[in-house]
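K.L.:
Under the UniProt record's numbering, the final residue of the sequence shown carries the number 454; numbering is consecutive throughout.
Below you will find the structure I want to go over with you.
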Amino acid sequence: MPNLSGSNGRDPKNCKLFYFLLYGAHWLGLDPSDEVLLRAFAGYARENSGSGLSLEEQIGRLSKEHGLDIKLTALKKLRKRLAVPSVRRAAKSMHPAEVDQQVTDLKQSDTLGRWGVTQVKGRLAAVDVLITRHEDAIRESLHANYDLEFDDRFVGKKKKPKHRTPLNALGSWHQEHSDGHEKLGEQALQIGKGISLPIYGSKDQYSAWLHALLLMPNVRTKNAIAHYYLDLVEGRKYRVSIQLTTDMGSEVGDMLKIHERLRAHAAPDFVPPEFPYSVTLPSTQNTPIESFWRWMREGEGKTLRFVLETGAASGIFLPSDDIHKQTFYWIWVPFIQSRLDSFREYWNNHRISRSKKKMNPSGSSPKNMLLNPEAGRITARDCSIHVSPQLVEELREAYGGIQARDDAYRFVSQVFQSAADEAYWQMGCPEITLDSIWRIFSDVAKSLEAYSVE
1 MPNLSGSNGR DPKNCKLFYF LLYGAHWLGL DPSDEVLLRA FAGYARENSG
51 SGLSLEEQIG RLSKEHGLDI KLTALKKLRK RLAVPSVRRA AKSMHPAEVD
101 QQVTDLKQSD TLGRWGVTQV KGRLAAVDVL ITRHEDAIRE SLHANYDLEF
151 DDRFVGKKKK PKHRTPLNAL GSWHQEHSDG HEKLGEQALQ IGKGISLPIY
201 GSKDQYSAWL HALLLMPNVR TKNAIAHYYL DLVEGRKYRV SIQLTTDMGS
251 EVGDMLKIHE RLRAHAAPDF VPPEFPYSVT LPSTQNTPIE SFWRWMREGE
301 GKTLRFVLET GAASGIFLPS DDIHKQTFYW IWVPFIQSRL DSFREYWNNH
351 RISRSKKKMN PSGSSPKNML LNPEAGRITA RDCSIHVSPQ LVEELREAYG
401 GIQARDDAYR FVSQVFQSAA DEAYWQMGCP EITLDSIWRI FSDVAKSLEA
451 YSVE
């Protein structure tokens with residue numbers, strides 16, 4: 001039994017650390033517990049496109065997130081006591097055939113073949129399949145099974161790029177960029193009148209952390225974007241950035257007013273012009289979020305659009321039929337949102353390529369640079385501002401309350417939602433994938449038509 005009351009000649013601080021490393025937090029009644037630490041180490045392994053955080057980065061994150069200040073030797077002892085598997089060891093334990101199977105399973109969700117070695121590695125890491133040291137095996141698997149995709153992904157001659165001024169932020173949560181994306185909107189899809197799947201997103205400039213990527217019925221109304229922002233603030237434990245940067249559309253007006261009210265109440269010392277509440281720019285100059293849309297359009301968005309258009313062109317979907325229209329939204333909205341959530345997880349854990357031209361940091365994951373901004377630049381700081389939950393609730397009520405919030409996100413009526421859920425359950429809840437989604441859509445629509453549900 002360890003002597004927890006006396007140090008036996010040791011420095012008291014070092015004595016506690018010794019027993020923590022040897023026996024765990026529960027011996028001392030301290031946090032974090034072993035379970036919390038294991039979850040933290042598992043998360044660190046997923047970052048940097050599955051390469052994991054370096055030991056130095058892990059030390060910084062343990063200090064930031066859990067108040068655990070330890071050195072390199074202590075970290076190694078802690079990882080050993082908890083039997084934390086290293087990314088390198090996990091990769092070495094995998095047989096090439098197992099790597100090939102994991103790659104093949106993942107690529108079933110990449111209909112257009114837009115995911116190369118780095119994306120495959122990062123997406124596998126997001127679901128705790130750590131095969132980063134097997135990059136050659138991943139590449140061999142892709143060449144063996146999807147060789148033609150390499151030529152399709154080759155970047156040919158590009159247009160002359162516009163001049164861009166390097167971006168520079170004080171740290172994470174300094175400047176947050178928001179914008180709507182309508183490449184799955186009505187005019188872009190052209191699969192039926194009124195059929196639209198617009199997305200709204202927000203991104204931190206310093207870290208490139210993607211705060212949100214949300215499918216909404218309409219991203220052009222003030223009230224909808226106001227509730228989007230209130231949800232965003234609540235979901236981030238009532239924190240806001242110093243500055244919001246948006247395009248010049250009228251739909252952002254109420255969101256900017258909400259942000260100004262919250263920041264002014266919580267941080268009255270941050271005043272314009274040194275710290276503006278918001279900046280509005282033409283979309284082409286809102287580069288952090290606009291460039292992200294282009295990146296997404298060439299990958300995830302392009303795959304989704306292809307499957308959407310293929311099904312519509314085959315005659316399965318009749319947009320003029322109300323049951324078809326609501327069934328379309330019933331099945332496609334949660335499916336696409338799940339893909340967006342998966343993509344967001346991948347993005348926030350992938351490694352940003354190093355660039356000497358960038359003033360903002362690179363060479364690490366957005367997650368690491370958001371939570372530990374000093375790791376990207378020694379002078380950087382977490383600039384987040386904690387706002388009043390009560391004020392957020394008051395603002396929510398001022399914009400129509402929970403009912404208005406629900407209306408801002410609702411694609412189908414509650415009656416139809418229940419009927420479609422019941423029809424799907426009666427079918428045995430088959431798995432919805434890119435290959436099966438139109439078939440399940442057709443079966444659910446036929447079932448609802450038989451009962452005349454509208």
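Cβ atoms here follow ideal geometry from the backbone N, Cα and C, with glycine treated the same way.
Quantities reported herein were computed from a predicted structural model and do not represent experimental measurements.
#1: Per the DSSP calculation, G180 is bridged to which residue(s)?
#2: Just the Cα atoms here: how many angstroms apart are K64 and L72?
#3: Counting C-beta neighbours from all protein chains within 10 Å, is the total for A248 16 or more, i.e. buried, or is it exposed?
#4: Take G194 and list the residues in its own chain whose beta-carbon comes closer than 7 Å to its own, dropping the five residues that flank it on each side.
#5: Counting C-beta neighbours from all protein chains within 10 Å, is the total for V127 16 or more, i.e. buried, or is it exposed?
#6: Give the secondary structure of T385 by DSSP, where H, G and I count as helix, E and B as strand, and everything else as coil.
#7: Report yes if the CB atom of P319 is closer than 8 Å to the CB atom of G192, and no otherwise.
#8: Hey, would you say T310 sits closer than 8 Å to A445, going by beta carbons?
#9: Along the beta strand (DSSP E) that carries L214, what are the first and last residues, could you check?
#10: In chain order, what residues of the same chain lie with their CB nearer than 7 Å to the CB of W438, ignoring the 5 residues before and after it?
#11: Residues bridged to S49 by DSSP?
#12: Please classify I440 as buried or exposed, where buried requires at least 16 neighbouring CB atoms within 10 angstroms.
#13: Can you grab the Cα-Cα spacing for the pair L448 / I331, in whole Å?
#14: So, helix, strand or coil for K157, using DSSP?
#15: What do you reckon, are the CB atoms on E251 and V219 nearer than 8 Å?
#16: Going by the CB atoms, is the gap between L230 and R344 shorter than 8 Å?
#17: Of all the options N368, L370, G376, P198, which has the alpha carbon lying nearest to the alpha carbon of K358?
#18: In the structure shown, what three-state DSSP assignment does R239 receive?
#19: Keeping to the same chain, check which residues put their C-beta closer than 7 Å to that of G29; ignore five residues upstream and five downstream.
#20: Report the option in M216, H265, S178, L189 whose CA atom is closest to the CA atom of Q390.
#21: When the Cα of Y206 is compared with those of K237, Q243, L214, which residue comes out closest?
#22: Reducing DSSP to helix, strand and coil, say where Q205 ends up.
#23: Check T327 in the structure and name its three-state DSSP category.
#24: Just curious, the beta strand (DSSP E) that T280 is in, first and last residue?
#25: Mark K367 as exposed unless 16 or more other C-beta atoms lie within 10 angstroms of its C-beta, in which case mark it buried.
#26: Quick one: Cα of I378 to Cα of L434, how far?
#27: Would DSSP call Q190 helix, strand or coil?
#28: Is the CB-CB distance between R410 and P276 below 8 Å?
#29: So, using beta-carbon positions, are N223 and G401 closer together than 8 Å?
#30: Is L124 helix, strand or coil when you go by DSSP?
P.N.:
Here's the rundown:
#1: Y200
#2: 16 Å
#3: Sequence inspection shows Met at residue 248; the Ala mentioned does not correspond to that position. Answer is exposed; the Cβ neighbour count stays below 16.
#4: E186
#5: exposed
#6: According to the sequence as given, residue 385 is Ile; it is not Thr. Three-state DSSP puts I385 in a strand.
#7: yes
#8: no
#9: 210-215
#10: G311, I316
#11: Beta-bridge pairing links S49 to no other residue.
#12: buried
#13: 13 Å
#14: Only weak support exists for where K157 lies, its pLDDT of 41 falling under 50; the value from the coordinates is given anyway. Here K157 sits in coil by DSSP.
#15: yes
#16: no
#17: G376
#18: strand
#19: Here G29 scores only 45 on pLDDT, less than 50, and its place in the model is too uncertain to base an answer on.
#20: H265
#21: Q243
#22: coil
#23: helix
#24: 278-280
#25: buried
#26: 45 Å
#27: coil
#28: no
#29: no
#30: helix
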